[in-house]
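Participant: Residue numbers (mature numbering (1 follows the signal peptide of the UniProt record, and there is no 0)): -25 to -1, 1 to 203. Where a beta carbon is used, it is the ideal one built from N, C-alpha and C, also for glycine. Input: one structure, supplied below.
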Amino acid sequence: MITTYQIFLVIILFLLLLISMKTEATCSSGCNLALASYSIPEGTDLTYISNLFNQQPSEILKHNPNLKNPDVILSQTKINVPFTCECLNGLFLGHTFSYKTKHGDTYTAIVHVDYSNLTTEDWITRVNGYPPTKIPDNVKINVTVNCSCGDRHVSKDYGLFLTYPLRDGDSLRGIAAEYGVPAEVVQRYNPQSDFSAGHGLVFLPAKDEYGKFPPLHLKSGDVHIAAS
């Protein structure tokens, strides 16, 4: 007799197959460090963020030297959160975080508030077995964030990348100037992205905890991609 769990696994495998059909290549490995650009929601502190991303506050602070007082962080402040970038199922680069639901949670709130648009409602709905209007309390759901480890065909000068959710008012030149990377380089890493759209993810070369752009570490046969 086929169980609900088996049906769920079949659906997930089918979705992964669809993703693989959309990509031009597959990944073989990830990288130890990627960054996520996180906009602080109102009423959030560093402890909450560290729990969301399973990172020690000290590790987060390493990549945010401008945070003078970690106990007082203004809402909408952008910080960089470190995480590992993995090759998921041999198909795309990302990291799956485990989020424990609370009363009243919706996929919309989890995506847009808790995870600051680092994933999408469509994606989180597809990979979790709970209906959007009936998410149980105190259960763990998967939140997958895409990432990049670089592209040797674009540049070998950049080996650390920031997953950046586009926001209202963003532009290619504005983002490039903010992060100290030539606009044409940013565009080459994101050839199909509309930087003025106000939504979607792009991948930006990022500085490490020492304020330097680390170079790309090449591995034979690696192709680093994100999900389509």
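Once you ignore the five residues that flank V56 on each side, which residues in its own chain have a CB closer than 7 angstroms to its CB?
Facilitator: In the sequence shown, counting from the first residue as 1, residue 56 sits at position 81. By the criterion of a C-beta distance shorter than 7 angstroms, V56 is surrounded in its chain by L10, A11, Y13, I24, F28, Q30 and I35, once the five residues flanking it on both sides are discounted.
Participant: Ordered along the chain, which non-local residues of its own chain (more than five positions away) have a Cβ less than 7 angstroms from that of E96?
Facilitator: To locate residue 96, count along the sequence shown from 1; it is residue 121. Spatial neighbours of E96 in its own chain (CB-CB distance under 7 angstroms, excluding positions within 5 residues in sequence) are listed in chain order as Y82, T83 and V86.
Participant: Within 8 angstroms, do at least three Cβ pairs link the segment 130 to 138 to the segment 97 to 113?
Facilitator: Touching, no, given that fewer than three Cβ pairs across the two stretches are closer than 8 angstroms.
Participant: Whose C-beta lies closer than 6 angstroms to the C-beta of S73 among residues of the same chain, with five residues either side of it excluded?
Facilitator: The count along the sequence shown starts at 1 and reaches residue 73 at position 98. Excluding sequence neighbours, S73 sits near K115.
Participant: What are the start and end residues of the alpha helix (DSSP H) that includes P32?
Facilitator: Within the sequence shown, residue 32 is the residue found at index 57, counting from 1. It spans P32 to K37 - the alpha helix (DSSP H) in which P32 sits, taken as one unbroken run.
Participant: What number of angstroms, rounded off, separates the C-alpha of L135 from the C-alpha of V160?
Facilitator: Taking the first residue of the sequence shown as 1, we reach residue 135 at position 160. Taking the first residue of the sequence shown as 1, we reach residue 160 at position 185. So the two alpha carbons sit approximately 14 angstroms from each other.
Participant: Which residue or residues does DSSP assign as beta-bridge partners of P106?
Facilitator: Position 131 of the sequence shown, counted from the first residue, corresponds to residue 106. None, per the DSSP bridge assignment.
Participant: Going along the chain, which residues of its own chain have a beta-carbon closer than 6 angstroms to the beta-carbon of H192, five neighbours each way excluded?
Facilitator: For the purposes of this step, residue 192 is identified with residue 217 of the sequence shown, where counting begins at 1. Result list for H192: G134, in chain order.
Participant: Mark N26 as exposed unless 16 or more other C-beta atoms lie within 10 angstroms of its C-beta, in which case mark it buried.
Facilitator: On the sequence shown, position 51 is the one that residue 26 refers to. By the neighbour-count criterion, in which a residue is buried when 16 or more other Cβ atoms sit within 10 angstroms of its Cβ, N26 is exposed.
Participant: Name the DSSP beta bridge partners of Y13, please?
Facilitator: Mapped onto the sequence shown, residue 13 falls at position 38. DSSP lists I54 as partners of Y13.
Participant: Looking only at its chain, what residues have a beta carbon closer than 6 angstroms to the beta carbon of Y164, apart from the 5 residues adjacent to it on each side?
Facilitator: What you label residue 164 is simply residue 189 of the sequence shown in a count that begins at 1. Only V129 and F178 meet the Cβ criterion.
Participant: Below 8 angstroms on the Cβ atoms is my contact criterion, and I expect A181 with L141 to pass it. Report the Cβ-Cβ distance as a whole number of Å.
Facilitator: Position 206 of the sequence shown, counted from the first residue, corresponds to residue 181. Position 166 of the sequence shown, counted from the first residue, corresponds to residue 141. Contact between A181 and L141 fails: their C-beta atoms lie close to 16 angstroms from each other, not under 8 angstroms.
Participant: List the residues that DSSP assigns as beta-bridge partners of K43.
Facilitator: In the sequence shown, the residue the question calls residue 43 occupies position 68. Paired residues: none, contrary to the question.
Participant: So is L49 buried or exposed if we call it buried at 16+ other beta carbons inside 10 Å?
Facilitator: Position 74 of the sequence shown, counted from the first residue, corresponds to residue 49. Classification for L49: exposed.
Participant: Using only CA atoms, which one of L8, C2 and N64 lies nearest to T138?
Facilitator: Translated into the one-based positions of the sequence shown, residue 138 becomes position 163. When L8, C2 and N64 are compared, the shortest CA-CA separation from T138 is found for L8.
Participant: From the DSSP output, read off the bridge partner residues of H70.
Facilitator: For the purposes of this step, residue 70 is identified with residue 95 of the sequence shown, where counting begins at 1. In the DSSP output, where bridge partners are listed per residue, H70 has V120.
Participant: Which residue wins for smallest C-alpha separation from I150, given the options K53, C122 and L66?
Facilitator: Looking up residue 150 in the sequence shown gives position 175. Check the Cα spacing between I150 and each of K53, C122 and L66: the tightest is with K53.
Participant: Is the separation between the beta-carbon of L147 and that of V120 shorter than 9 angstroms?
Facilitator: The count along the sequence shown starts at 1 and reaches residue 147 at position 172. The count along the sequence shown starts at 1 and reaches residue 120 at position 145. No, the Cβ-Cβ distance between L147 and V120 is not below 9 angstroms.
Participant: DSSP on K(-4), reduced to helix/strand/coil?
Facilitator: The count along the sequence shown starts at 1 and reaches residue -4 at position 22. Low confidence applies here, because K(-4) scores a pLDDT of 42, under 50, leaving its location unreliable; read the following figure in that light. In the structure shown, K(-4) sits in a helix (DSSP, three-state: H, G or I).
Participant: Here's a check: name, in chain order, each residue in its chain whose Cβ is nearer than 7 angstroms to the Cβ of D112, leaving out the five neighbours to either side.
Facilitator: As a position in the sequence shown, residue 112 is number 137, starting the count at 1. Within the same chain, D112 has close Cβ partners T76, K77 and H78.
Participant: To the nearest angstrom, how far is the alpha carbon of T(-3) from that of S123?
Facilitator: Here residue -3 is taken as the residue at index 23 of the sequence shown, counted from 1. Here residue 123 is taken as the residue at index 148 of the sequence shown, counted from 1. Low per-residue confidence applies at T(-3): pLDDT is 38, beneath 50, and the placement is therefore not dependable, though the value from the model is reported in the following sentence. C-alpha separation (whole angstroms): 14 angstroms.
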